[in-house]
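These notes are about the structure you will find just below.
Residue numbers (our numbering): 450 to 530.
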């Protein structure tokens with residue numbers, strides 16, 4: 450993705466970055482329409498599936514920030530609980 454972190458209310462005055470969310474949060478935000486199909490939606494859906502199939506942690510970030518994200522320095526971390 451081209452962004453460092455997942456955002457709620459993208460493009461709106463109250464837009465905010467998410468550092469960490471649970472699987473339940475991700476599902477809720479997705480159902481509320483926060484993540485568009487042609488944008489962040491597929492990435493969040495992939496993380497949801499990964500966690501539901503046994504993964505422990507998923508991270509969404511830009512490719513140039515991948516190492517920092519794996520070290521917990523940036524990106525949006527999604528965890529089971």
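All residues carry an ideal CB built from backbone N, CA and C; glycine is no exception. Predicted model only: the values in this text are computed from it and were never measured.
Can you give me the Cβ contacts of residue i inside the same chain, cut-off strictly under 8 Å, excluding the 5 residues immediately before and after it?
i           : result
residue 471 : 527, 528, 529 and 530
If contacts are defined as beta-carbon pairs under 8 Å, then residue i and residue j qualify, I think. What distance do you get, rounded to the angstrom?
i           : j           : result
residue 508 : residue 490 : Not confirmed; about 17 Å, so no contact.
residue 456 : residue 464 : 5 Å
How many Å lie between residue i and residue j at the Cα?
i           : j           : result
residue 495 : residue 521 : 20 Å
residue 501 : residue 517 : 25 Å
residue 483 : residue 469 : 15 Å
Residue i and residue j: beta carbons closer than 8 Å?
i           : j           : result
residue 492 : residue 450 : yes
With DSSP as the reference, label residue i as helix, strand or coil.
i           : result
residue 457 : strand
residue 528 : strand
residue 493 : helix
residue 466 : strand
residue 518 : helix
residue 473 : helix
Please list, in chain order, all residues of the same chain as residue i whose beta carbon is under 6 Å from its beta carbon, the five residues on each side excluded.
i           : result
residue 481 : none
Whose C-beta lies closer than 7 Å to the C-beta of residue i among residues of the same chain, with five residues either side of it excluded?
i           : result
residue 511 : 450, 451, 452 and 453
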